[in-house]
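Heads up, the thing below is written out as structure tokens.
Protein chains: 2
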Amino acid sequence: MRDALVAAAFRLFVERGYEQTTVDDIVALAGVGRRSFFRYFPSKEDVVFPDHEGCLADMTAFLAASGAGHEPVRRVCDAARLVLRMYAENPAFSVQRYRLTRQVPGLRAYELSVVWRYERALAEYLRGRFAGRPDGNLHADVIAAAVVAAHNNALRSWLRSDGEGDAGTAVDHALGYVQTTYARSADAPAAPAASGPAGTGAGHPDDVVVVVTRRDAPLWRVVRELETALGRD
Amino acid sequence: MRDALVAAAFRLFVERGYEQTTVDDIVALAGVGRRSFFRYFPSKEDVVFPDHEGCLADMTAFLAASGAGHEPVRRVCDAARLVLRMYAENPAFSVQRYRLTRQVPGLRAYELSVVWRYERALAEYLRGRFAGRPDGNLHADVIAAAVVAAHNNALRSWLRSDGEGDAGTAVDHALGYVQTTYARSADAPAAPAASGPAGTGAGHPDDVVVVVTRRDAPLWRVVRELETALGRD
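Those protein sequences? They're chains A and B, same order as listed. When the letters of the first sequence are read in order and numbered with UniProt numbering, they come out as residues 1 to 233. When the letters of the second sequence are read in order and numbered with UniProt numbering, they come out as residues 1 to 233.
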């Protein structure tokens, strides 16, 4: 019944346009009563996004099932992949809906509010994982926004290409950029990672000197600069 | 006239609630006709956000006036500060509006669409600056989203605290996180920035050696490790 309503709605949206289609038109084509429509969908807008509530619930459950062993940035990237999977399951429907949301400002606004709810779900999870860390909430919000932006960049490219190619590969690549950027900072709460000659762990960032040099620089010159940097000259 | 309409509208929104206030109520209190209202504001929602169109225009002009010498991530952070300045100019009004948007779902949706337009303005600028770079559009979208999320994290903390404290300092701190994360990658499309002893510019990332050391490490030990890192031992 639910699927029949969605199918009837989209057939009419494509044929007549979204604004010109009423709920009465949809129920007439689907052969059901108005009450059945409103049992499944609070409004005409909701029939355009029939799967987002379920996907949000899946995402929330997925994040709630996380353990302390899950690297948090990787975990939110995996959660974002649930949204991609929903789109990729039915490419023709997803592309049709994408075109519709481009044309109807009200649907665009609805979509923004759905995206916002996904982003908040990811941010809330990260806030929990980063609790007690300096700027934990800030980092959580920024990383959640970066994940959503990367996911949507890849998803929209795929939708604009009419669902050609492998959406999963494109989204993996985009999320890889976010993971590379944030995985280390999210992993190491206290101080910049110390490595190299005397990387025995750093107490305060000021105690660490970073030297960047060309591999082919004369050693005497590097040492002289190093003395200056260490305040030994 | 415009300011008088905004003042009348907010007085009524606070006294009676947003939904219970009509455009007729607002114009009656302001002592003007309906036509005057609609000359300034397309709808009742728009009177809640009287300054965003102007701020969006300022931001677009600011970004359009950028030169090749502007570091792009820093530039979008500075553009975001224009939004903060608008909020900070009138703390009492900003806090009042913040409370109103928390209560009225329609205003929340409106606000999301405004935020989206700011984010797109920043992303479009970055897309232009990153044009021709691999994944330029992806990086532009992600960095724009990170800037907006950082800005809004600080702005909302300030609004929740009823406009206490210095919003500018909080936003600077939040944007600093984004700049630190992305400035290097955005600046140097080819290789990590070379600086320090022999930082004469690097051709290929492999040509650069990064040494991180504690300031109090014995110099002989640093030099020995440096020799190893440079492949001279």
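All residues carry an ideal CB built from backbone N, CA and C; glycine is no exception.
Neighbour-count burial assignment, residue i, 16 or more Cβ in a 10 Å radius
i	result
Ala61/A	exposed
Phe38/A	exposed
Ser94/A	buried
Leu126/A	buried
Pro72/B	buried
His173/A	exposed
Met59/B	buried
Pro197/B	For Pro197/B, the pLDDT reaches just 40, beneath the cut-off of 50, and the residue's location in the model is therefore unreliable, leaving the point undetermined.
Arg34/B	exposed
Ala79/A	buried
Gly203/B	Any reading at Gly203/B needs caution, since the residue's pLDDT is 38, under 50, leaving its predicted position unreliable; the model's value is listed next. Classification for Gly203/B: exposed.
Val148/B	buried
Thr200/B	Here the model assigns Thr200/B a pLDDT of 35, short of 50, so the residue's position is not dependable and the matter cannot be decided.
Ala65/B	exposed
Pro192/A	Any reading at Pro192/A is ruled out, since the residue's pLDDT is 35, under 50, leaving its predicted position unreliable.
Arg97/B	buried
Glu89/A	exposed
Val14/A	exposed
Ala154/B	buried
Gln103/A	exposed
Glu119/B	buried
Thr181/B	buried
Ala131/A	exposed
Ala123/A	buried
Gln20/A	exposed
Ala8/A	buried
Ala144/A	buried
Ala57/B	exposed
Ser195/A	Confidence is the limiting factor: at Ser195/A the pLDDT is only 39, short of 50, which leaves the residue's position unreliable and the question unanswerable from this model.
From the options, residue whose alpha carbon lies closest to that of residue i
i	options	result
Val47/B	Asn153/B, Asp3/B and Ala145/B	Asp3/B
Val142/A	Gly165/A, Val76/A and His70/A	Val76/A
Ser113/A	Thr22/A, Phe49/A, Val32/A and Met59/A	Phe49/A
Val83/B	Gly168/B, Tyr18/B, Leu107/B and Leu5/B	Gly168/B
His52/B	Tyr18/B, Ala92/B and Glu111/B	Glu111/B
Ala150/A	Ala123/B, His139/B and Ala109/B	His139/B
Asn152/A	Gly106/A, Val178/A, Phe130/A and Pro134/A	Val178/A
Arg156/A	Arg74/A, Trp116/A and Tyr87/A	Tyr87/A
Pro42/B	Thr181/B, Cys55/B, Asp135/B and Leu5/B	Leu5/B
Arg68/A	Gly128/A, Val23/A and Thr101/A	It is worth fixing the name first, because residue 68/A is Ala in this sequence and not Arg. For Ala68/A, the nearest C-alpha among the options comes from Gly128/A.
Ala92/A	Trp158/A, Ala109/A and Phe130/A	Trp158/A
Cys55/A	Gly31/A, Ala170/A, His70/A and Arg81/A	Arg81/A
Arg85/A	Val23/A, Trp116/A, Glu124/A and Gly163/A	Gly163/A
Leu100/A	Ala121/A, Trp116/A and Arg160/A	Arg160/A
Lys44/B	Val32/B, Ala57/B and Asp25/B	Asp25/B
Leu175/B	Gly106/A, Leu175/A and Asp135/A	Asp135/A
Val32/A	Arg117/A, Tyr18/A, Arg74/A and Met1/A	Met1/A
Ala30/B	Arg16/B, Tyr18/B, Phe10/B and Leu107/B	Phe10/B
residue 234/A	Asn137/A, His70/A, Val115/A and Leu12/A	Since the first residue of chain A shown is 1 and the last is 233, residue 234/A is not available in this structure.
Gly17/B	Leu107/B, Leu63/B, Tyr40/B and Arg74/B	Leu107/B
Leu63/B	Val115/B, Ala121/B and Ser36/B	Ala121/B
Arg74/A	Ala28/A, Leu12/A and Ala146/A	Ala146/A
Limits of the alpha helix (DSSP H) - the one that residue i falls within
i	result
Ser36/B	Arg34 to Tyr40
His139/A	Gly136 to Arg160
Lys44/B	Note, Lys44/B: premise wrong, no alpha helix (DSSP H); not H, not E.
Met59/B	His52 to Ala64
Arg16/A	Arg2 to Arg16
Val27/B	Val23 to Ala30
Closer than 7 angstroms: residue i CB and nearest the ligand SAM heavy atom
i	result
Gln103/B	Among the ligands in the structure shown, none appear at all, so the ligand SAM cannot be discussed.
**Message:** Quick check for students: name the residue ranges of the alpha helix (DSSP H) that lie wholly in the segment 58-117 of chain B, counting only runs of 4 or more.
**Reply:** The segment 58-117 of chain B contains these whole alpha helix (DSSP H) runs: 72-89 and 91-103.
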